[in-house]
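Colleague: In the numbering used here, the protein residues as written are 1 to 403. Ideal Cβ positions, reconstructed from N, Cα and C, are used throughout, including at glycine. These figures come from a predicted structure and were not determined experimentally.
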Amino acid sequence: MSDWSLAIDFGTCFTTAAVRVEADVAAAVEIENSRYLPSLVCLDDDGRLLTGRAAVQLAAQWPERAEQHPKRALLRQSAVLLDDREVATVELAAAVLTRVVGEARAQRGGTAPGRAVLTHPADWSPGDLERLVEAAGRAGVDVPELLPEPVAAARFHAADARATGDREGGGDRPIAVYDLGGGTVDIAVLRREADGFRAVAVAGNPDFGGRDLDQALFELLRDRALDLDPEPWRRLWADPAPAAAHQRAQLAREVTLAKESLSETGTVYLAVPGYPDRFVVQGGEYREAVVPALAASVALLERTVVRAGLTPSDLGAVVLCGAASRTPPVADLVGTWLGRSPDLAADPKAAVALGALADLPAPPTPADTEEATAQEATEQEAAASSRWTVAHYPDEVDPELWF
Ligand SMILES: Nc1ncnc2c1ncn2[C@@H]1O[C@H](COP(=O)(O)OP(=O)(O)OP(=O)(O)O)[C@@H](O)[C@H]1O
Ligand SMILES: [Mg+2]
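(1) From the DSSP output, read off the bridge partner residues of residue 20.
(2) Give me, in chain order, the residues of the same chain whose beta-carbon lies closer than 6 Å to that of residue 10; leave out the 5 immediate sequence neighbours on both sides.
(3) Measure the C-alpha to C-alpha separation of residue 140 and residue 56 and round it to an integer number of angstroms.
(4) According to DSSP, simplified to helix, strand and coil, what is residue 173?
(5) For residue 298, which of helix, strand or coil comes out of DSSP?
(6) Ligand 1 heavy atoms versus the CB of residue 13: any closer than 7 Å?
(7) Under the three-state reduction of DSSP, which class applies to residue 247: helix, strand or coil?
(8) So what's residue 341 in DSSP terms, helix, strand or just coil?
(9) Between the alpha carbons of residue 401 and residue 109, how many angstroms are there, rounded?
(10) How should residue 311 be labelled, buried or exposed, when 16 other C-beta atoms within 10 angstroms of its C-beta is the threshold for buried?
(11) Beta carbon of residue 184, beta carbon of residue 208: below 8 Å?
(12) Apply the 10 Å Cβ neighbour rule to residue 304 and answer buried if 16 or more other Cβ atoms are within range, or exposed otherwise.
(13) Is it the case that the stretch 38 to 50 contacts the stretch 66 to 85, given that we only count it when at least three CB pairs across the two stretches are under 8 Å?
(14) Three or more beta-carbon pairs under 8 Å between the stretch 202 to 216 and the stretch 25 to 38, yes or no?
(15) According to DSSP, which residues form a beta bridge with residue 205?
(16) What first and last residue would you give for the alpha helix (DSSP H) that runs through residue 32?
(17) What do you reckon, are the CB atoms on residue 93 and residue 122 nearer than 8 Å?
(18) Do three or more CB pairs link the stretch 236 to 247 to the stretch 186 to 204 at distances below 8 Å?
(19) Check the DSSP bridge columns for residue 282 and list the partner residues they point to.
(20) Using a threshold of 7 Å, is the CB atom of residue 288 nearer than that to any non-hydrogen atom of ligand 1?
(21) Can you check DSSP and say which residues form a bridge with residue 198?
(22) Spatial neighbours of residue 229 within its chain, please: C-beta separation below 8 Å, excluding the five flanking residues on both sides.
(23) Identify the continuous beta strand (DSSP E) that holds residue 25 and give its terminal residues.
(24) Suppose only complete runs of 3+ residues qualify. What are the beta strand (DSSP E) ranges in the stretch 39 to 76, listed by chain order?
(25) Rounded to whole angstroms, what's the CA-CA distance from residue 18 to residue 118? Just pull it up for me.
(26) Assuming residue 351 and residue 35 make a contact with CB atoms under 8 Å, what is their CB distance in whole Å?
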C-alpha cells in the first residue's frame with residue numbers, strides 16, 4: 001500500500017490538488033509553479049487534449065478549440081464541439097484529472113497514491129458523481145473517495161483551528177461554508193458528526209461567481225471608454241482579425257488581474273487599445289458596482305442558516321472559501337450579518353483540497369448527533385427548493401475569451 005494520499009478539487013475555473021504523506025500535514029501540489037491549474041482544456045493540431053499553460057496559450061489564439069469550463073460541461077451535457085470534433089465531456093474532465101494525477105505521481109517518485117479523494121459540489125446528483133468517477137477512472141484513479149466541497153472546507157477549518165491553537169475553533173457547533181468560486185457560489189450549513197461533517201442545508205447559484213465580478217469591472221472600464229470616445233472601443237469589438245481577437249483576450253485577462261489586485265490595492269490602471277491614456281479604476285467604484293450581487297449571495301447564506309433552523313450565534317464559524325471570496329466586501333458583508341469576523345483561510349481556494357485530507361479534532365457528543373438526525377428530513381426538503389438565481393450581466397464580451 002502506497003504511503004501517500006491525493007485529493008483533487010476539480011473546479012469550474014481552476015483545479016487544486018493536495019498530497020499527504022503518511023501522517024504529515026497535507027500540502028498543495030504545484031503544477032507549472034502554481035497551486036491553481038486552469039481547468040480549461042484545448043484541442044491541439046494532433047487531436048490531443050492539452051491542459052495547463054499550453055492549453056491557455058492555444059485557447060487564446062483558437063477559442064473555438066477550447067472548453068473553458070469542463071466541470072460545468074460535465075454537469076450539463078455529454079459532449080461538446082471543439083473546433084469540428086465532438087469530444088465527450090467525461091474526456092475533458094479526464095484530461096484535467098490525468099494532468100493532476102500525473103504531476104502528483106511524478107512528485108512522489110512515480111508511485112500511485114494509496115488513497116484518492118475527489119471533492120464535488122454538495123448538490124451533485126448520483127448521475128453527476130458517476131460521470132466524475134468515470135473521468136477519474138480514465139485518469140487511472142479507479143476507486144476514488146467522494147467528498148462534498150463544503151465538507152472538505154469545514155474539515156480544513158476544524159483542523160486549522162486546532163493546529164493554530166484555537167482549541168474552541170467553533171467546537172462541535174454547526175459551521176456555515178460560503179464558497180465563491182469562478183463560476184458559482186455554493187453555500188452549506190454543516191453539522192459535526194462522529195466521523196466528520198454532514199451538510200444539513202445547501203444552496204447556491206450556479207450562474208454567479210468570480211467571472212461576474214470581472215464583468216462588473218469590465219463594464220466600468222467600457223463606460224469610461226465610451227464616455228471618452230466610443231469609436232476606438234467599437235472598432236476593437238467589431239474587428240474580426242486575429243490580432244484584434246488577441247487584444248480582446250489580452251484585455252479580458254488584464255481585467256481579471258486588475259479585479260484580483262483590487263483585493264489588495266486601492267487603484268488599478270488599464271490600457272485599452274486605441275486610447276492614448278490608461279484608464280484608472282478606484283477600488284471604491286468597483287466595490288459599489290459589485291456589492292449588490294455580493295449582498296444577494298450573503299442574503300442567501302442568511303436564508304440557508306435560517307432554513308437549517310439556526311441563528312448566527314449558533315454557528316461555530318462561517319468559513320469563506322473559493323478564491324473570489326478574497327474580494328473585500330465578501331468578508332465585510334458576512335461580518336456585518338454575523339456580528340463578528342468570518343474565517344477566511346490564507347489560501348481560500350486550496351482549503352477544499354487540503355481539507356479533504358485533513359484529520360479532524362475529537363468528535364461531538366451523542367446528543368448533538370441525535371438532534372442533527374431529527375432535523376435532517378425538513379432541512380433536506382428546504383435545501384431542494386433553495387436554488388437562487390441572479391440576472392447575468394449582459395454578455396458584451398465573447399464568453400470564450402474569459403479566463
Ligand atoms: N485575490 C483575488 N481576489 C478576488 N478574486 C480572486 C482572487 N484570486 C482569484 N480570484 C477569482 O476567483 C475565481 C476562481 O475561484 P476558484 O478557483 O475558487 O473557483 P473554482 O473552484 O474553479 O470554481 P467553482 O468552485 O465555482 O467550481 C476567479 O474568478 C478568480 O479571478
Ligand atoms: Mg471551487
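Modeller: Reading it off the structure:
(1) In DSSP, residue 20 forms a bridge with 5.
(2) Same-chain partners within the cutoff: 71.
(3) Computed Cα separation, rounded: 24 Å.
(4) Looking at residue 173 - three-state DSSP - the assignment turns out to be coil, as it is neither helix nor strand.
(5) Looking at residue 298 - three-state DSSP - the assignment turns out to be helix.
(6) With a cut-off of 7 Å, the C-beta of residue 13 is classified as near ligand 1, since at least one heavy atom of the ligand falls inside that distance.
(7) Correct three-state label for residue 247: helix.
(8) Three-state result, residue 341: coil.
(9) Legend: pLDDT at residue 401 = 25, less than 50; position of this residue unreliable, value from coordinates given subsequently. Straight-line Cα distance between these residues: approximately 37 Å.
(10) That one is exposed.
(11) Cβ atoms of residue 184 and residue 208: closer than 8 Å.
(12) Its Cβ being crowded by 16 or more others within 10 Å, residue 304 is buried.
(13) Yes, since at least three Cβ pairs between the stretch 66 to 85 and the stretch 38 to 50 fall closer than 8 Å, the two stretches touch.
(14) The answer is no - the stretch 25 to 38 does not touch the stretch 202 to 216, with fewer than three Cβ pairs under 8 Å.
(15) Bridge partners of residue 205: 185.
(16) Here residue 32 belongs to no alpha helix (DSSP H), and DSSP marks it neither H nor E.
(17) Cβ atoms of residue 93 and residue 122: not closer than 8 Å.
(18) Touching, no.
(19) DSSP, once it has assigned bridges, lists 267 as partnering residue 282.
(20) No, ligand 1 has no heavy atom inside 7 Å of this Cβ.
(21) Answer is 191, bridged to residue 198.
(22) Here the set comprises 275.
(23) Under the DSSP assignment, residue 25 falls outside any beta strand (DSSP E); it carries neither an H nor an E label.
(24) Here the runs fully enclosed are 41 to 43.
(25) The alpha-carbon atoms of residue 18 and residue 118 are separated by roughly 11 Å.
(26) Actually they do not touch by this definition, with Cβ atoms about 11 Å apart.
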